[in-house]
Amino acid sequence: MTNENCLEGIKCPACGNEDVFRIGVTTTAIVTDDGAEVEHGEMEWDKDSHAECANCLERGKLSHFTPTRRARRRACAFIARARGEQPPVGYVSA
Ligand SMILES: [Zn+2]
């Protein structure tokens, strides 16, 4: 499955999981002396957020789970060759 929404471009470099991750997020809560309650359920994260692969527990910043363009091109070329097709021009062939 290719992620096209929240996890677009995210993949575990250790095990290849691209389905489920734990990510440290920032949100806003109403806080009183008695406790805290998340206000809207809205949350944010970025490439520097803590992330963990839910499959193999690989950890790091979210950017650690973003393959480089070169790695993506290499994977794309590998898939093309596995299908018996020519990799797109300019893609790494080795
Ligand atoms: Zn993993």
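Okay, so the sequence shown: first residue is 2 according to the working numbering, each after it adds one.
Note that the Cβ used here is the ideal one computed from N, Cα and C, for glycine as well.
The structure displayed is predicted, hence computed values, not measured ones.
For T33, the enclosing beta strand (DSSP E) covers residues T27 to T33. Taken atom to atom, the span from the alpha-carbon of E45 to that of V21 is near 17 Å. Spanning the alpha carbons of G61 and E19 requires a straight line of approximately 15 Å. Spatial neighbours of V39 in its own chain (CB-CB distance under 6 Å, excluding positions within 5 residues in sequence) are listed in chain order as T28 and A30. In this structure, E59 has its beta carbon less than 7 Å from a heavy atom of ligand 1.
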